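Basically our numbering = 1-based index in the sequence shown + 22. One structure is given here, and the rest of the page talks about it.
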Amino acid sequence: MEIILPRFFVILSFFVVSIFVYRPFCRLFCPYGAIASLVAKFSLFKLKKGDTCVNCGKCDAKCPTGNISQKYGECYLCGRCFRVCNVEAIAFC
């Protein structure tokens, strides 16, 4: 029981934090997530929605980081949003 109780609270805390923070393990503890986020923040290339965007939401649904607007700097340029856009509104800038 002594070993199970701390593990339970760690798992419970991840569930509670995930209510407020999207993918907390990936953002806060995963080494790959931390490096990818840091590289994305200072990347020379960015994806940008153009004027032809019709706000269909397909790119938002395909983005694995849930961050098509790139306001948090977590885009790692996988190109899924770029491939799914029917009106070619997403471009590199």
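In this text, a Cβ means the ideal position worked out from N, Cα and C, and glycines have one as well. If you're wondering where the values come from, they're calculated on a predicted model, not measured in any experiment.
How is residue i classed by DSSP in three states: helix, strand or coil?
i, result
"Phe51", "coil"
"Lys68", "coil"
"Cys85", "coil"
"Arg45", "coil"
In chain order, what residues of the same chain have a beta carbon less than 8 Å from the beta carbon of residue i, not counting five sequence neighbours either side?
i, result
"Pro46", "Phe36, Val39, Ser40"
Short check: CB of residue i to CB of residue j, under 8 Å?
i, j, result
"Arg105", "Cys85", "no"
"Lys70", "Cys115", "yes"
"Cys100", "Ala62", "no"
Residue i bridges to which residues according to DSSP?
i, result
"Ala113", "Lys70"
Give the straight-line distance between the Cα atoms of residue i and residue j, rounded to the nearest whole angstrom.
i, j, result
"Cys48", "Glu24", "28 Å"
Suppose the cutoff is 6 Å on Cβ atoms and the five residues either side in sequence are ignored; what does the same chain contact list for residue i look like?
i, result
"Cys107", "Cys81"
Leaving out five residues before and five after residue i in sequence, what residues of the same chain have Cβ atoms less than 7 Å from its Cβ?
i, result
"Val43", "Arg49"
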